[in-house]
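Contents: one structure, followed by commentary.
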Amino acid sequence: MSAAARIRFLTLLQREVSRFMKIKKQTLGGPLLETFLYVTVFGAALGTRIKELHGVEYIVFVIPGLIMMALATNAFTNNSSSILQQKFLGAIHDQLSSPASPLELLLAFSLGGFVRGAIVAFLTFIVAIILTALPVDHVLVLIPALCLVGFFFAQLGVLIGVRAEQFDDVAFAQTFVLTPLIFLGGVFYSATLLPEPFETLTKFNPVYYMISLVRYGFVGFSEVSIPLSLAALTAATAALFVFNLRLFQRGYKLRS
């Protein structure tokens, strides 16, 4: 990357980060409070009744899913809303006509959402280790898993933002697609405890494998093949990035 390209990219990235940092109470405070409530409610209410799952304290079993959920939802929400907002304002037209390449624009949007998700996930992790005895058993799996999950949902947010024509489209995708996939992916339970056909149906949910990767990184327990899940997530993230890049290059639903 040339010096000029690096400056353009960093400027675009700084704009994205500055955008959500100006409203910290909404973008960081809200998700953090939500996670704190999940930890306290599930720890106090269900934790007293469900002592352990697969030899892991229940609240500790749940927290990796909460961290992944914080990362995914914030990366998705940031990018989908940011792109749609700039489409309404007409700012995206100027950016596409600027010297910045489609790759630089896509990377800036993607990393902007990833940074927001990573900040919320890190703050969630800090709250978790203060309130519980959360271990980190396999950091060499945890770090790439979180990076891939964050980047995947950042790309998904870009895709929805590009295709959306109004804010209701983004809200629909988050409420009726993303949230059910996460909650039914095993955040609060183990799929092996479900009766058929629900156990089998859960295994068709791609988020189930992401949660399993993150949970393995923290507590060392997984119901799936770790190498295969990492390979599949890498391929899916790369494919989504290439698809989004093609949309930016064509200006699909971005140029008036």
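For the sequence shown, the positions run 0 to 255 when numbering that gives the first Met the number 0 is used.
Each residue gets a CB set at the ideal place from its N, CA and C atoms; glycine is no exception.
This one's a predicted model, so the numbers in the text were calculated from it and none came from an experiment.
Whole angstroms are fine: how far does the CA of residue j sit from the CA of residue i?
i           : j           : result
residue 70  : residue 232 : 15 angstroms
residue 108 : residue 16  : 9 angstroms
residue 119 : residue 27  : 6 angstroms
residue 104 : residue 5   : 12 angstroms
residue 142 : residue 252 : 34 angstroms
residue 122 : residue 68  : 13 angstroms
residue 174 : residue 237 : 25 angstroms
residue 204 : residue 138 : 24 angstroms
residue 200 : residue 171 : 23 angstroms
residue 224 : residue 14  : 39 angstroms
residue 124 : residue 34  : 10 angstroms
residue 186 : residue 61  : 6 angstroms
residue 81  : residue 36  : 27 angstroms
residue 106 : residue 49  : 43 angstroms
residue 102 : residue 30  : 30 angstroms
residue 254 : residue 85  : 11 angstroms
residue 57  : residue 96  : 52 angstroms
residue 198 : residue 2   : 52 angstroms
residue 117 : residue 167 : 26 angstroms
Between the options, which has its C-alpha nearest residue i's C-alpha?
i           : options               : result
residue 213 : 134, 52 and 91        : 134
residue 247 : 3, 35 and 92          : 92
residue 55  : 229, 234, 221 and 235 : 221
residue 152 : 127, 168, 180 and 125 : 180
residue 111 : 244, 150, 129 and 200 : 150
residue 136 : 185, 49 and 215       : 215
residue 184 : 163, 211, 3 and 145   : 211
residue 113 : 241, 145 and 86       : 145
residue 249 : 194, 57, 11 and 100   : 100
Using a 10 Å radius around the Cβ and a threshold of 16 neighbouring Cβ atoms, would you call residue i buried or exposed?
i           : result
residue 165 : exposed
residue 65  : buried
residue 230 : exposed
residue 40  : exposed
residue 140 : buried
residue 234 : exposed
residue 196 : exposed
residue 98  : exposed
residue 88  : exposed
residue 22  : exposed
residue 94  : buried
residue 76  : buried
residue 129 : exposed
residue 25  : exposed
residue 90  : exposed
residue 7   : buried
residue 226 : exposed
residue 163 : buried
residue 9   : exposed
residue 192 : exposed
residue 11  : buried
Taking the Cβ atom as the reference point for each residue, do residue i and residue j lie within a distance shorter than 8 angstroms?
i           : j           : result
residue 239 : residue 155 : yes
residue 38  : residue 148 : no
residue 160 : residue 83  : yes
residue 59  : residue 131 : yes
residue 73  : residue 157 : no
residue 206 : residue 79  : no
residue 208 : residue 189 : no
residue 182 : residue 115 : no
3 or more residues per run - each beta strand (DSSP E) lying fully within the segment 113-162: none
Uninterrupted alpha helix (DSSP H) stretches inside the segment 5-73 (no shorter than 4 residues): DSSP runs (the alpha helix (DSSP H)) wholly in the segment 5-73: 29-40.
Minimum length 3: unbroken beta strand (DSSP E) runs contained in the segment 226-255: none
Contained alpha helix (DSSP H) runs [length at least 4] in the segment 157-206, N- to C-terminal order: 166-172, 178-182 and 197-201
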